[in-house]
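Contents: one structure, followed by commentary.
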Amino acid sequence: MSRTTGTAGGTMGADRPEIEIRGLHKSFGDNHVLRGIDLDVARGEVVCVIGPSGSGKSTLLRCVNLLEEPSRGRVLVGGTELTDPDVDIDAARRRIGMVFQQFNLFPHVSVTGNLTLPQRRVLGRGKAEALAVARENLERVGLAGKADAYPAQLSGGQQQRVAIARALSMGPEVMLFDEPTSALDPELVGEVLSVMRVLAGEGMTMMVVTHEMSFAREVADRVVFMDGGVVVEQGPAEQVVTRPARERTRDFLNRVL
Ligand code: ADP
Ligand code: MG
């Protein structure tokens, strides 16, 4: 994890973090939610973000792909500054896949349609290519057999795997997950986490907001504990989850573990 952020030598950007968050603040009216976040995520790194409800975890993720506009500070993904007013935000955002707690599938089209429509509309891919990419990603999440099903015919776990396949079909360099298993019945959590584990193993750069401490411990390269809109503590999962240095982190873990 000791990667340098400098550009000295080598190709420009080759060793800079995939995600760079600098002095990030976000307010909603008088509510100062993010209060100065500095965070890097290296290429291929899996960072789990934990913390109490209302601490700003979702807002942080949403600022990373500019679903929310930061009030102050900078966000760079793959070396492109998303907070630069001159940047082509749609192009920059295509590098970032996002998976939400609610799967947000299009209810009136098939699983295949859910995967091909965004590719065709946003990326301008032809029908055959979009279909091939959709098939490949359905296979990746273990749902090749559900290509013609409609979302309502699938379990929550299957719907979330479709949502992941849909995001992957856009060819993202980074994947953001906001409590991807929180809406699922307990017996369906495992299948979604397995897909995420495989993605992590393939070297995907991932930021994952989760309450699944065993997942964090097993898969995350780093765990970030947020409270009150700041990063209170971060480090290797084993350290933050099992031997937290800060009292606020200990209190939180005692409540969730
Ligand atoms: P977490 O994901 O850690 O539970 P959030 O980022 O969702 O926290 O919320 C942090 C704070 O920001 C909360 O006080 C919430 O009410 C507020 N907030 C989040 N999104 C909005 C929004 N779109 N408009 C106004 N307030 C918001
Ligand atoms: Mg949230």
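Letter by letter, the sequence shown follows residues 1305 to 1561 in my numbering.
Idealized CB from N, CA, C, for every residue including glycine.
None of the values given here were measured: they were computed from a predicted structure.
From the DSSP output, in three-state form, read off Leu1365 for me. Looking at Leu1365 - three-state DSSP - the assignment turns out to be helix.
How far does the alpha helix (DSSP H) with Leu1421 in it reach, from first residue to last? Where Leu1421 is concerned, the enclosing alpha helix (DSSP H) stretches over 1415-1427.
Using DSSP with H/G/I as helix, E/B as strand and the rest coil, what is Met1517? Under the three-state reduction of DSSP output, Met1517 falls in the helix class.
Going by other Cβ atoms of all chains shown within 10 Å of its Cβ, with 16 needed for buried, is Arg1320 buried or exposed? So Arg1320 counts as buried.
Whole-angstrom C-beta distance between Leu1480 and Glu1368, which should lie under 8 Å: It is Val, not Glu, that sits at residue 1368 in the sequence shown. Here Val1368 really is in contact with Leu1480; their C-beta atoms are around 6 Å apart, less than 8 Å.
With a threshold of 6 Å, establish whether the CB of Lys1450 neighbours any heavy atom of ligand 1. Not under cutoff, so the answer is no.
Do the segment 1463-1479 and the segment 1357-1365 meet, that is, are 3 or more Cβ pairs less than 8 Å apart? No, the segment 1463-1479 is not in contact with the segment 1357-1365.
For Arg1465, I'd like the list of residues in its chain whose CB is within less than 8 Å of its CB, leaving aside the five on either flank, ordered along the chain. Residues of the same chain with a CB within less than 8 Å of the CB of Arg1465, apart from the 5 flanking positions on each side, are Val1445, Gly1446, Leu1447, Glu1495, Val1496, Val1499 in chain order.
Using the rule of at least 16 other Cβ atoms within 10 Å of the residue's Cβ for burial, across every protein chain shown, is Ala1346 buried or exposed? By the Cβ-count criterion, Ala1346 is buried, with 16 or more other Cβ atoms from all chains shown falling within 10 Å of its own Cβ.
CA-CA distance, Ser1518 and Arg1501? Between the C-alpha atoms of Ser1518 and Arg1501 there is a straight-line separation of about 12 Å.
What's the C-alpha gap between Ala1436 and Thr1509? Ala1436 and Thr1509 have their C-alpha atoms spaced approximately 24 Å apart.
Going by alpha carbons, who is nearest to Phe1529 out of Glu1522, Ala1541, Gly1428? Between Phe1529 and the set Glu1522, Ala1541, Gly1428, the nearest pair of CA atoms involves Ala1541.
For Met1474, which option in Gln1406, Met1402, Pro1374 has the closest C-alpha, if you only look at C-alpha atoms? When each option's Cα is compared against that of Met1474, the closest is Met1402.
In whole angstroms, what is the alpha-carbon distance linking Gly1428 and Leu1557? Each residue's Cα considered, the two are about 46 Å apart.
Which of the three DSSP states is assigned to Gln1463 in this structure? Three-state DSSP puts Gln1463 in a helix.
Buried/exposed call for Glu1373, threshold 16 Cβ in 10 Å: By the 10 Å Cβ count, Glu1373 comes out exposed.
Let me check understanding here. Comparing Cα to Cα, which of Pro1389, Pro1422, Val1527, Lys1450 lies closest to Val1545? For the residues Pro1389, Pro1422, Val1527, Lys1450, the minimum Cα distance to Val1545 belongs to Val1527.
Selection from Asp1531, Ser1375, Pro1356 that minimises the alpha carbon distance to Pro1389: Looking at the Cα atoms, Ser1375 is the closest of the given residues.
Any heavy atom of ligand 1 nearer than 5 Å to the CB - residues listed: Qualifying residues, in the order they occur: Phe1332, Val1337, Ser1357, Gly1358, Ser1359, Gly1360, Lys1361, Ser1362, Thr1363.
For Glu1522 and Met1305, the rounded distance between their alpha carbons: Confidence is the limiting factor: at Met1305 the pLDDT is only 42, short of 50, which leaves the residue's position unreliable and the question unanswerable from this model.
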